[in-house]
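Report on the structure given below.
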Amino acid sequence: MIVRKYVFAIFLFQLLLSCSSKEQTQSNISEVEALLAQMTLEEKIGQLNLLTPGGGVATGSVVSENVEAKIKAGQVGGLFGVAGPERVRKAQELAVAHSRLKIPLLIGSDVIHGYKTTYPIPLGVSCSWDMRLIEQAARMAATEATADGVMWNFSPMVDIARDPRWGRIAEGAGEDPYLGAAVAAAMVKGYQGDDLSASNTMLSCVKHLALYGASQAGRDYHTVDMSKLKMFNHYLPPYKAAVDAGVASAMTSFNDIDGVPASGNKWLLTELLRGRWGFDGFVTSDYTSVNEMTEHGLGDLQTVSALALKAGLDMDMVGEGFLTTLKESVEQGKITEEEITQACRRVLEAKYRSGLLDDPYHYSDGQRPKRDILTAENRALARKLATRSFVLLKNHNSILPLKRDAKIALIGPLADSRKNMLGTWAPTGNPDLAVTILEGFKNVAPNAEVNYAKGANVTDDEALAKKVNVFGPRIVIDKRSTESMLQEAVHLAKSSDVVVAVVGEATEMSGESASRTDISIPESQKKLIRALVATGKPVALILMSGRPLTIPEEMDLPVAILQVWHPGVEAGNAVADVVFGHYNPSGKLTATWPRNVGQIPIYYSIKHTGRPNPEGGYEKFKTNYLDVPNTPLLPFGYGLSYTSFRYSNLRLDKSEIGADESITITVTVENVGNLAGEEVVQLYLQDVVRSITPPKRQLKGFKKVMLEKGERKAVSLTIRPDDLKFYNSQLEFVAEPGEFVVYVGGNSDATLSGSFILN
Ligand code: NOJ
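Per my numbering, residue 5 is the first one in the sequence shown, and the count goes up by one each step.
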């Protein structure tokens, strides 16, 4: 494109004029240096400004007046909330045809679980433990988003979360750093592909750096306070994995880290991210998080904006603290122009990498949406991924799978509720395109007789419903009395062979700013479940939620429970695929399910403590509770199948290894049930003695295998030297010699074990 040749010529000219360059960081991209050489201080600051014109992707105008004027004046580096090839083209034209240096805009979006072809919420996706499928889904999302003009994705969200009260647990991969790191890498690869400048790949943005998932008491935006040991060993690995996978950008979190909010935290953004991890992309703030440092108590807007820039933040999302104060800060000597140049350089490098400096309209091909978005192939992938994300929690008397010609009472407030299928944070998806559970049953089992009754409201609490309905009606409180709805459902149940009750959380009961202190199924629905079970008919619960729930009462009932999260645009078809046995469920939980909220934070990789409780019992002066056991309701890694698997014969290829050696563990896994099925074979490692207190066990390997009925397979997993390492008190990543115990099985309570010595 002309922009590139033109700026390059000027660059050469300026080089001839000036031989007096002082020491400064240089980009190895000559186009970027050429641009920088021409830019005024104001223009550089403009590149650091990230705006959203408002109005939302689906309904919004291209750009509002104010944003237009700013783009033309070279005061905007990127936009989000704008999509569609034409709208993006118009936005780019404002920059390319009107601003002095014609620098194209980065166009961002939150493509969290699919663009238009919405697949399950990320917590559900992680339960597939299928990295190939996850990468494929991210690839599909990037293809759709770029077809619609978007080339920068605010994903993956890799915050480790061990507190299911926090609504944003729905957006990540759960509690475990090893699994979280694998998912982070798969998503970055899926979005970015091999060539970032291709028109169907997009810049990925790992978020939220850092520790956002550890907000105290699970309350969103709350304080985080954590030791460095816990950070390095448990919370930071997924962010680092994204960096190692080449992620192009990062977004800061709202919380503070060691007393300094992430957006102004130099240790985090410069020492750790760029220094220690070698990150070479750019960093954006989260929505107004620079301004929010004022609320945190760090000073006025000018002060916190200068703090953020000096810390290593490159782009300021929405708040415009950079735009309105940085120049003054340079003039007052609070920051240097070189610090601004450096941030601008990083933003321009990203534009170069994405191919925008070559062709600003690279992502504005009007033919693509029809060809690439919501294709039958994409919907098939979303359906497949959804079936793999479901976790069978219980299957009393093998109620599931259902006969395909059964007379079914399909009951519950989420059984015929299109608006609740996509799940939280699907701003680019269209809920009206989602398949309801009722429709899915009819599609997949046309010979079944399916009759529907709502039975209960998601909740009868009007105040809660109002908060949840902030993006439109998700909880619709019926005009009928709760009693008459219940009676209708019970009546239908009694005249059917089997009851399927679709219950749980509405979409916006999880997600951003949707924390709960009571994470049980709302009472209106519990009542319905009790009444249905009391009919004596077999009952299967299809449980939807964006988080682990506390369901001790339901787990005690003689029912089947299939956890389906919020399954996405193909919800009904995918649920029916599993309910009628076209796919045998294989999902495994990636976050522990507590018995009650008092057990939170809860996770499997706990430490021993000095006073371990006797297993299954209670002893005074040991670590325990008076009212519940220490164990969770459902452990990490847990999930049943319509068949069952037997593990035996664990063997290690060595009994001792040196520091640079790997060790391979093999087990025999046998399908001892009556159906073919997939199993996620999990390997946990215990470092028996070391210089800092070790967790009881940690996930260090997994493999998903398919086994025919009666089939037996030897499954091997390799532990590599880095898998034995941890961050010690000096924050060095080391392995210490001694004994290691391995456990292999179908969840984190695996008992089959062996051991080896690291010399
Ligand atoms: C705020 C959220 O925390 C973040 O995840 C998101 O990417 C931005 N808003 C932009 O929508």
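Using N, Cα and C, we set each Cβ at its ideal position, and we do this for glycine too. Computed from a prediction, not measured in an experiment: that's the story for all the values here.
In the three-state reduction of the DSSP assignment, Ala467 falls in the helix class.
Under DSSP, Ile667 shares a beta bridge with Ile723. In the displayed model, Phe84 falls within a strand according to three-state DSSP. When secondary structure is reduced to three states using DSSP, Val129 falls in the helix class. Remark: C-beta atoms of Ala145 and Gly184 do not approach each other more closely than 9 Å. Fully contained in the stretch 241-319 are the following beta strand (DSSP E) runs of length 3 or more, in chain order: 253-256 and 286-288.
In this model, Gly303 and Gly316 are separated by some 18 Å (Cα to Cα).
Contact check for Arg357 against Ser201 passes: the beta carbons are separated by less than 9 Å. Annotation for Phe84 indicates a beta carbon within 8 Å of some heavy atom of ligand 1.
One thing to note: Met161 has its Cβ within 9 Å of the Cβ of Glu175. Here the alpha carbons of Arg91 and Pro477 stand approximately 28 Å from one another. Per DSSP, the continuous beta strand (DSSP E) segment holding Ala544 begins and ends at Val543 to Met548. By the neighbour-count criterion, in which a residue is buried when 16 or more other Cβ atoms sit within 10 angstroms of its Cβ, Gly508 is buried. Per the coordinates, the alpha-carbon of Val543 lies some 54 Å from the alpha-carbon of Ala663. Within the stretch 432-466, the runs of alpha helix (DSSP H) that reach at least 4 residues and sit entirely inside it are, in chain order, 441-448.
Taking 8 Å as the cut-off, the C-beta of Met321 counts as close to a heavy atom of ligand 1. In this structure, the beta-carbon distance from Ile107 to Ala99 falls below 9 Å. Excluding sequence positions up to five before and after Pro556, its CB lies within less than 8 Å of the CB of Arg599, Asn600 and Leu637, all in the same chain and listed in chain order. Only residues of its own chain outside the window of five on either side were considered, and among them Leu45, Lys48, Ile49, Leu52, Leu313, Leu330 and Val334 have a CB closer than 8 Å to the CB of Ile344, listed in chain order. If you compare the alpha carbons of Asn634, Val579, Pro435 and Thr627 with that of Gln603, the shortest gap goes to Asn634. When the beta-carbon positions are compared, Thr432 and Gly171 stay at least 9 Å from each other.
Between the stretch 694-714 and the stretch 725-734, the count of C-beta pairs closer than 8 Å reaches three or more; the two stretches touch. Between the C-alpha atoms of Pro181 and Gly282 there is a straight-line separation of about 20 Å. Between ligand 1 and His212, a heavy atom-to-CB distance of less than 8 Å is present. Residue state for Gly681 is assigned as strand, using DSSP reduced to three classes.
Looking only at Val685, Gly416 and Pro741, the smallest Cα-Cα distance to Leu756 is reached by Val685.
Nearest Cα to Asp501 within the set Phe706, Phe760 and Val537: Val537.
Looking at the backbone, the Cα of Leu630 and that of Phe158 are separated by about 44 Å.
Asp229 and Gly263 have their C-alpha atoms spaced approximately 8 Å apart. For Tyr291, the distance from the CB to the nearest heavy atom of ligand 1 is below 8 Å. Just so you know, the alpha carbons of Trp597 and Ala410 end up roughly 32 Å apart. By the Cβ rule, the stretch 279-298 does not count as touching the stretch 359-372, because fewer than three pairs are nearer than 8 Å. Going by C-alpha positions, Pro618 is about 20 Å away from Val745.
A direct Cα-to-Cα measurement between Arg387 and Ala578 gives close to 5 Å.
Gly705 is bridged by DSSP to Leu687. Beta-carbon to beta-carbon, Ile610 and Phe760 are separated by about 23 Å, too far to satisfy the 8 Å threshold.
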